[in-house]
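Worksheet: the structure to be examined is printed underneath.
Residue numbers (the numbering used here): 25 to 92.
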């Protein structure tokens with residue numbers, strides 16, 4: 025299993041980060057898109073989804089997210 029940091033860019037050029045646990049890159053994209061659609065009231069159309077980081081899961085692993 026891997027911990028993925030996935031960036032989602034909408035057609036309005038808004039950027040979102042999704043952190044998902046998945047067995048493969050394909051599943052990470054699927055899970056990230058699913059979370060995006062479930063978390064937003066009216067999700068905008070997605071222009072691009074890309075993996076920013078991928079880490080093997082083990083105790084103590086994580087991500088630091090920049091806030092704006």
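Idealized CB from N, CA, C, for every residue including glycine.
Counting C-beta pairs closer than 8 angstroms gives fewer than three between the stretch 52 to 68 and the stretch 85 to 92, which falls short of the contact rule. Counting only runs of at least 3 residues, the stretch 42 to 91 fully encloses the following beta strand (DSSP E) elements, listed from N- to C-terminal order: 70 to 80.
Between residue 71 and residue 27, the C-beta spacing is not below 7 angstroms. Partner residues in a beta bridge of residue 36, as assigned by DSSP, do not exist.
Remark: C-beta atoms of residue 73 and residue 43 do not approach each other more closely than 7 angstroms.
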